[in-house]
Every structure is written in structure tokens, then in C-alpha cells.
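Numbering (our numbering), first residue to last: 1 to 130.
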């Protein structure tokens, strides 16, 4: 279960990198409805949690697993907040000038779905299920 969580986390991170790269390339730091602090906070907490999860896999410390899971809670909250701001931007054609309008819908959807799977797998692994 722990390795499945790691794989899901890495796939989620890959999608996140595509979205972050698109956002930066399309001028997100200047033209965006997504606050940079929220976006970079989401990224930083997710990356920190991933590092803690990898250390947990090496050290086999249940405390580290719980820390990684706890880090995922605000990551998920920030992700949902950004999704809520992105949906109207994507639907409105008049907002073509904002960076997140260029996000590939498939990547956004896959990133979100695999992220939910990651949270569930991390929780199950942390609880010792499987």
C-alpha cells in the first residue's frame, strides 16, 4: 500500500508540474485568478509531504507517515480552492488572458483524481491497512 501511495503521489506530482509549467509559461505571475501564494503553497506542501513519505518508506517510522498525511490535508484544501477558482475561469471565454485558462482539462481532471487516490492510499498505509 505504501508503494502504491508513492506511485500515485509521483503521478500526481507529474500532473502538477505540467499545470505549474503551463501557468508560469502563460504569465501566471502577472495574469491569473489564482493567487501565487496559494499555488506555490500547494506545491511546496505537496513536495514536502512527498519527501517525508519517501523518508518514511526508508525509515519505516509511523510518525513520519502521519506527518506526510497531515501535510496532505492543507494540500488538498488548497487544491480544491484552486479548482473552485479555475472552473469559472475555464468556462468563461472572456478570461482567455489569464494563465490558468490554458490548463489542459484532462491534466486538471487526472491530477485531481489521482490526488484523491493518493490521499486515500496514504491514509490506508498510515493506518496499516493492506
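A virtual CB, placed ideally from N, CA and C, is assigned to each residue, including glycine.
query, result
"How would you label residue 28, buried or exposed, when you count the other beta carbons within 10 angstroms and need 16 or more for buried?", "buried"
"Fully enclosed by the stretch 30 to 100, which beta strand (DSSP E) runs are 3 residues long or longer?", "none"
"Just to confirm my understanding: we take residue 50, look at its own chain, exclude 5 residues before and 5 after, and list those with CB closer than 6 Å. What are they?", "9"
"Give me, in chain order, the residues of the same chain whose beta-carbon lies closer than 6 Å to that of residue 61; leave out the 5 immediate sequence neighbours on both sides.", "none"
"Rounded to a whole number of angstroms, what is the C-alpha to C-alpha distance between residue 18 and residue 40?", "14 Å"
"Run through DSSP, which three-state label would residue 15 get?", "helix"
"Cα-Cα, which of 5, 20, 102 and 42 is closest to residue 80?", "42"
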